[in-house]
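Protein chains in written order, with the working numbering: chain A, 502 to 632; chain B, 502 to 632; chain C, 502 to 632; chain D, 502 to 632. Every residue, glycine too, gets a C-beta built ideally from N, C-alpha and C. Computed from a prediction, not measured in an experiment: that's the story for all the values here.
4 protein chains.
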Amino acid sequence: MNVEDFLRTHPRRSGDLDVLAACVKACFGCAESCTLCADACLGEEKIDTLRRCIRLDLDCAEICAATGAVVARLTEPDAQVVRAQLQACIAACRACGAECERHARHHEHCRLCAESCRLCAEACEALARTI
Amino acid sequence: MNVEDFLRTHPRRSGDLDVLAACVKACFGCAESCTLCADACLGEEKIDTLRRCIRLDLDCAEICAATGAVVARLTEPDAQVVRAQLQACIAACRACGAECERHARHHEHCRLCAESCRLCAEACEALARTI
Amino acid sequence: MNVEDFLRTHPRRSGDLDVLAACVKACFGCAESCTLCADACLGEEKIDTLRRCIRLDLDCAEICAATGAVVARLTEPDAQVVRAQLQACIAACRACGAECERHARHHEHCRLCAESCRLCAEACEALARTI
Amino acid sequence: MNVEDFLRTHPRRSGDLDVLAACVKACFGCAESCTLCADACLGEEKIDTLRRCIRLDLDCAEICAATGAVVARLTEPDAQVVRAQLQACIAACRACGAECERHARHHEHCRLCAESCRLCAEACEALARTI
């Protein structure tokens, strides 16, 4: 499934879809990373210090999934809703990414998730600049 | 299922849970209203003028569901994430509520949904003032 | 937000909505209970024995939310999809409810969640018998 | 974000992850396709005959997203829940894929979505045979 090819088939597409497609892909990818990281943390022997990581993973997973869907819809969008949700996604990715980064040396899943969060925050910022 | 009773059983609850519980209930209630309104609109004979309503219902349903979960979690919350998501929820409820209001005279489900959106925006604003 | 009143405004409603509305309410209520129980478990000092409970709470929350939406939609439903999703919801509620029951004596949130799971499984079974 | 690489970092991974990773990717990919197809259908001029397609897209998107998350979690899974949710996902993908197929000649997004549904049903069937 290629997001960019799919968006090109939309009856109401307009302009350059590159920045948009990159954001949609980053949001859905980060939602997946956070879902997997939360579960990997839950399976770690020393779970006590990972509570905040699990919690922020769950927040970030839901926020990224909602943002990806809101951004991907091209029929009659509301710019204020899109902008506000992008800002929430950036905040969630920054908070989750910073927490994951703290565990990145001990847990490879946290390192991978921090990377997804960083990419998603950047893709949301890039899209926010265009709308 | 009573949200307030449930939150009182949380090991990390603190302070007055009334405003919080009201916001959680309003978010989950609005997510349900928007899901049902989108489907009722989809079933209306004259669907052409309801496209924007369906689209905003879908946005608002996902944003409210994510917000309700983020707000309801009391373990290690991140205030910036909570605040940003509340702002996104207020924007979604205002946009969706205004669109539903336009169809309220012809469609009772839009009238009910506009009411859910208004209550949810107010509950999010009330909670945002406390954090 | 009253699910039953809302379903009565749907242009394609048919027959007795009582069993349907009860199932929709139970699914959304159980999704909320499981979301709150997962977070309450995550905040407990002795988290080690609660891993399975958190995991099943997360599964059950997502499955109940999806089931509630699928069941609540009255426009052009597919009976096989509805039936299969109801069976998945019953399985999730049984597994999660049984695990929560094991912790009910020590954690009031697990007791409340077990009760939500039991009610949701029953409501899904009642609806499944009618379609 | 590479699902397979991510699953390999999980503390409780076991055995061959190929079939599992293929199913997770197919579920999340199909959830995205169905979300985009629903919105593209909503934007088509002749929307009247696409109601059932939009409705099944919404069902399939939520069911696939829930299934992907349930399947991807490796900490303390419940085989009966996984199996039942896989069956629900297969039913949703078949129903949605068949409806999309009917519109594939006129709408490229429906053709792409039908393909995602077919791949997802097959990946779920392959995983179901192993558990």
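8 Å contact criterion, which residue i and residue j should meet: CB distance rounded
i, j, result
"L465 (chain A)", "E600 (chain A)", "Because chain A in this structure spans residues 502 to 632, residue 465 (chain A) falls outside the shown range and cannot be described."
"G530 (chain B)", "M502 (chain C)", "4 Å"
6 Å Cβ shell around residue i - same chain, five flanking residues per side excluded
i, result
"A566 (chain D)", "A532"
"T568 (chain D)", "C528, Q586 and C590"
"L628 (chain D)", "V520 and C524"
"A622 (chain D)", "I591, C594 and R595"
"T550 (chain A)", "none"
Same chain, Cβ closer than 8 Å to residue i, neighbours up to 5 away in sequence not counted
i, result
"E563 (chain A)", "A532"
"A522 (chain B)", "V504, E505 and L508"
Residues of its chain near residue i, where Cβ-Cβ distance is below 7 Å and the 5 sequence neighbours each way are ignored
i, result
"T536 (chain C)", "A562"
"H610 (chain D)", "L537, C538 and A541"
"E602 (chain B)", "A615"
"K526 (chain C)", "V504"
"D517 (chain B)", "none"
"E626 (chain D)", "I591"
"A570 (chain B)", "none"
Beta-carbon proximity of residue i to residue j, cut-off 9 Å
i, j, result
"R630 (chain C)", "L575 (chain C)", "no"
"I555 (chain A)", "L508 (chain C)", "no"
"V572 (chain D)", "C524 (chain D)", "yes"
"A605 (chain A)", "A615 (chain A)", "yes"
"A592 (chain A)", "R595 (chain B)", "no"
"I548 (chain D)", "I548 (chain B)", "yes"
"D506 (chain D)", "L613 (chain A)", "yes"
"E577 (chain C)", "R552 (chain D)", "yes"
"S515 (chain B)", "S617 (chain B)", "no"
Exposure of residue i, with buried meaning 16 or more beta-carbon neighbours within 10 Å
i, result
"H511 (chain D)", "buried"
"D579 (chain A)", "buried"
"H607 (chain D)", "exposed"
Mind checking the segment 546-565 of chain D against chain A and listing, in chain order, the residues whose C-beta falls within less than 9 Å of any C-beta there?
E546 and A562
Using a Cβ-Cβ cut-off of less than 8 Å, give me the residues of the segment 504-523 of chain B that come near chain C, in sequence order.
V504, D506, F507, L508, T510, H511, P512 and R513
Give me the subset of the segment 583-614 of chain D whose CB atoms are less than 7 Å from a CB atom of chain A, sorted by chain position.
E609, H610 and L613
Positions along the segment 569-582 of chain B whose CB lies within less than 9 Å of some CB in chain A
A570, V571, R574, T576, E577, P578, D579, Q581 and V582
What are the residues in the segment 613-631 of chain B lying within 8 Å of chain D by C-beta distance?
none
Note down, in chain order, all residues in the segment 531-542 of chain D with a beta-carbon under 8 Å from any beta-carbon belonging to chain C.
none
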